[in-house]
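J.: Dumping the structure here so I can ask a few things about it.
Residue numbers (UniProt numbering): 1 to 129.
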């Protein structure tokens, strides 16, 4: 699996219901982590790091869909295009430098310091920690 494919699958699994802006925001969180040495240094390593992106958790009921998706799916094609744009640095960071996010449908995690919140996009809150 290529780096762009790994990123695109992550966007599809994490934010396909959030539209283009939501997927772009998640892509920027990943790019911001790639650029920050506290995380690993490749897109694939950041995406696949244990317990960072729930779409990659094998027990997640969405995992088989995300794993098996292909370019015949219109939403995946959009995720793939966004992944390529963000990796090529052809897209403005809509998260204002965020490196964490969570869905508003869950209770805030312990790391979610309101002072460090940068933006809310669709149903995700973004943070720069």
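Ideal placement from N, C-alpha and C gives every residue a C-beta, glycine not left out. Just so you know, these numbers come straight off a predicted model, no measurement behind them.
To the nearest angstrom, how far is the alpha carbon of residue 60 from that of residue 90?
T.: The sequence position of residue 60 within the chain shown is 60, counting from 1. The sequence position of residue 90 within the chain shown is 90, counting from 1. Cα to Cα, the separation comes out at about 31 Å.
J.: Check whether the Cβ atoms of residue 53 and residue 95 sit closer than 8 Å, and answer yes or no.
T.: Counted from its first residue, the chain shown places residue 53 at position 53. Counted from its first residue, the chain shown places residue 95 at position 95. No; because the gap between Cβ atoms is not below 8 Å, this pair is not in contact.
J.: Does the Cβ of residue 13 have 16 or more other Cβ atoms within 10 Å, making it buried, or fewer, making it exposed?
T.: The sequence position of residue 13 within the chain shown is 13, counting from 1. It is buried - the Cβ of residue 13 has at least 16 other Cβ atoms within 10 Å.
J.: Just confirm the distance between the C-beta atoms of residue 24 and residue 86, as a whole number of angstroms; I'd bet it's less than 8 Å.
T.: Here residue 24 refers to the residue found at position 24 of the chain shown. Here residue 86 refers to the residue found at position 86 of the chain shown. Between residue 86 and residue 24 the Cβ distance is about 7 Å, and since that is below 8 Å, they are a contact.
J.: What three-state label does DSSP hand residue 127 in the structure shown?
T.: Counted from its first residue, the chain shown places residue 127 at position 127. DSSP places residue 127 in strand when its eight states are reduced to three.
J.: Residue range of the alpha helix (DSSP H) that residue 6 falls in?
T.: In the chain shown, residue 6 corresponds to position 6, counting from 1. 3-15 is the extent of the alpha helix (DSSP H) around residue 6.
J.: Measure from the alpha carbon of residue 51 to the alpha carbon of each residue in 10, 27, 21 and 74, then state which is nearest.
T.: Indexing the chain shown from 1 puts residue 51 at position 51. With distances taken between Cα atoms, residue 51 lies closest to 10.
J.: Which same chain residues end up closer than 7 Å to residue 82 when comparing Cβ atoms and leaving out the 5 residues on each side of it in sequence?
T.: In the chain shown, the residue the question calls residue 82 occupies position 82. Excluding sequence neighbours, residue 82 sits near 11, 20, 23, 24 and 27.
J.: Please determine, among 117, 64 and 47, the residue with the shortest C-alpha to C-alpha distance to residue 3.
T.: The residue given as residue 3 occupies position 3 in the chain shown. The candidate whose alpha carbon is nearest that of residue 3 is 47.
J.: Determine the contact status of residue 98 and residue 32, defining contact as a CB-CB distance below 8 Å.
T.: Start at 1 with the first residue of the chain shown, and residue 98 comes out as number 98. Start at 1 with the first residue of the chain shown, and residue 32 comes out as number 32. In this structure, residue 32 lies closer than 8 Å to residue 98 by Cβ.
J.: Let me check one thing: in DSSP terms, what residues is residue 103 bridge-paired to?
T.: Working through the chain shown from its first residue, we reach residue 103 at position 103. Paired residues: 124.
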